[in-house]
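So the number in this note's numbering is just where the residue sits in the sequence shown, counting from 1, plus 4.
Ideal Cβ positions, reconstructed from N, Cα and C, are used throughout, including at glycine.
This report concerns only the one structure given below.
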Amino acid sequence: MLAALQSKVEVFAATARGAAPVCPQCGRPMRCQDTREVSWLARCGCLHAAVSRYRCPPCRYACRPLLDLLGVEPGRISGAPARLLALLATVAPYPLAARLAGLLLGVSISPMGIWRVAQRLGEAAAHRTDALSRYHADSRSIGAPTQTAPAAVVLGVDGACSCAVVKFWISGTRMRYDEYLRMGYGIGSGAVESAHKQVVHARFRQAGMRWSEAGARRLLALRLLLLNQDWALLDRLRMVSLA
Ligand SMILES: [Zn+2]
């Protein structure tokens with residue numbers, strides 16, 4: 005597995021060596037500054053590659069395209085190990101997640117380390133959720149074709165406490181309860197309240213927990229990916245650097 009992965013890395017490295025990147029600020033080709041051996045920890049062991057650093061002297065911009073391409077950040081947890089640690093953080097409090105990381109993955113990491121990884125991936129997931137909401141809220145967006153779609157209730161949740169106010173719409177029109185009952189739709193909020201318990205309470209409302217708005221938003225975005233069976237999407241999202 006490790007050997008197969010290493011040979012894949014070498015194919016990427018050979019491709020990247022051929023092309024000098026263009027400076028994103030001025031558009032001029034960048035100069036190769038140096039090439040150094042970089043190694044990093046993947047899920048199945050240590051990988052390495054000769055990585056070139058490019059610079060644009062006038063703009064003082066530098067980059068290592070091969071590492072960007074591979075999603076590797078030297079000195080930081082990235083790639084598949086980062087996704088696994090974030091996965092633990094979505095289901096368990098940070099101190100417990102750190103202990104599970106030791107038992108399941110053989111990784112020694114502090115609760116703070118787990119928190120940092122979850123925040124960086126959670127920010128990426130939250131960006132995606134926000135972009136998706138903006139897209140669907142924009143009337144100019146092309147929606148999915150509706151001719152063949154099954155009859156469905158579009159559901160919106162307003163507020164995020166246990167007394168969430170739940171509002172329903174069908175095709176953008178306001179709730180008409182009697183009509184929906186006739187059509188056989190459920191109009192109760194029980195399903196939503198139960199989802200709320202599973203999505204939010206089970207992870208966020210445990211003894212002694214306090215949350216910052218940003219911290220909760222990021223972890224919630226990760227938890228939604230997990231519960232919606234979209235976790236694999238995370239492989240395509242770039243980890244966000246947090247100041
Ligand atoms: Zn430049």
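Per-residue DSSP class, three states only, for Gln10
Residue mapping note: residue 10 aligns to position 6 of the sequence shown, counting from 1. Of the three classes helix, strand and coil, the one that applies to Gln10 here is helix, per DSSP.
Do you know whose CA, among Lys201, Leu70 and Ser114, lies nearest Glu14's CA?
Locating residue 14 in the sequence shown gives position 10, counting from the first residue. Ranking the options by Cα distance to Glu14, first place goes to Leu70.
Leaving out the 5 sequence neighbours to the left and right, which residues in its chain are closer than 7 Å to Leu73 when beta-carbon positions are compared?
Here residue 73 corresponds to residue number 69 of the sequence shown, with the count starting at 1. If we look at Leu73 and ignore the five residues flanking it on each side, its Cβ neighbours are Phe16 and Ala20.
If I measure Cβ to Cβ from Cys60 and keep anything under 6 Å in the same chain, skipping five residues before and after, which residues do I get?
Your numbering for residue 60 matches position 56 in the sequence shown. Same-chain partners within the cutoff: Cys27 and Met34.
Hey, how far is the Cα of Lys201 from the Cα of Gln210?
Here residue 201 refers to the residue found at position 197 of the sequence shown. Here residue 210 refers to the residue found at position 206 of the sequence shown. For Lys201 and Gln210, the distance between alpha carbons rounds to 12 Å.
Cβ of Pro69 versus every heavy atom of ligand 1: is any distance shorter than 8 Å?
In the sequence shown, the residue the question calls residue 69 occupies position 65. No, Cβ of Pro69 sits at least 8 Å from all heavy atoms of ligand 1.
Just tell me which of Ala90, Arg222, Val95 and Asp182 has its CA closest to the CA of Ile113.
In the sequence shown, residue 113 corresponds to position 109, counting from 1. Per the Cα distances, Ala90.
Strictly by DSSP, which residues pair up with Leu51?
As a working mapping, residue 51 is identified with position 47 in the sequence shown. Trp44.
For Val26, three-class secondary structure by DSSP:
As a position in the sequence shown, residue 26 is number 22, starting the count at 1. Residue state, collapsed to three classes: strand.
Measure the Cβ-Cβ separation of Tyr65 and Gln29 and say whether it is below 9 Å.
Here residue 65 corresponds to residue number 61 of the sequence shown, with the count starting at 1. Here residue 29 corresponds to residue number 25 of the sequence shown, with the count starting at 1. Cβ distance < 9 Å, so Tyr65 and Gln29 count as in contact.
Unbroken alpha helix (DSSP H) run spanning Ala135, endpoints:
Start at 1 with the first residue of the sequence shown, and residue 135 comes out as number 131. Here the alpha helix (DSSP H) through Ala135 covers Pro115 to Ala141.
Under the DSSP definition of a beta bridge, which residues are partnered with Tyr65?
Residue mapping note: residue 65 aligns to position 61 of the sequence shown, counting from 1. In DSSP, Tyr65 forms a bridge with Cys60.
Assuming Arg207 contacts Ala130 (C-beta within less than 8 Å), just tell me the rounded distance between them.
Along the sequence shown, one-based indexing puts residue 207 at 203. Along the sequence shown, one-based indexing puts residue 130 at 126. Rounded, the Cβ-Cβ distance is 15 Å, inconsistent with contact.
Please confirm whether Ser245 and Arg124 have their CB atoms less than 9 Å apart.
For the purposes of this step, residue 245 is identified with residue 241 of the sequence shown, where counting begins at 1. For the purposes of this step, residue 124 is identified with residue 120 of the sequence shown, where counting begins at 1. Yes, the Cβ-Cβ distance between Ser245 and Arg124 is below 9 Å.
Going by beta-carbon coordinates alone, are Val55 and Glu77 separated by less than 9 Å?
Here residue 55 refers to the residue found at position 51 when the sequence shown is read from its first residue. Here residue 77 refers to the residue found at position 73 when the sequence shown is read from its first residue. The criterion of a C-beta distance shorter than 9 Å is not satisfied by Val55 and Glu77.
Which word fits Met187, buried or exposed, when buried means at least 16 other C-beta atoms lie within 10 angstroms of its C-beta?
Stepping through the sequence shown from its first residue, residue 187 is reached at position 183. Answer is exposed; the Cβ neighbour count stays below 16.
For Asp38, which three-state DSSP category applies?
Walking along the sequence shown from the start, residue 38 turns up at place 34. In this structure, Asp38 counts as strand in the three-state DSSP scheme.
Whose CB is closer than 5 Å to a heavy atom of ligand 1? List the residues in chain order.
Cys27, Gln29, Cys30, Cys60 and Cys63
Give the DSSP-derived three-state secondary structure of Pro33 in the structure shown.
Stepping through the sequence shown from its first residue, residue 33 is reached at position 29. Pro33 falls in the strand class under three-state DSSP.
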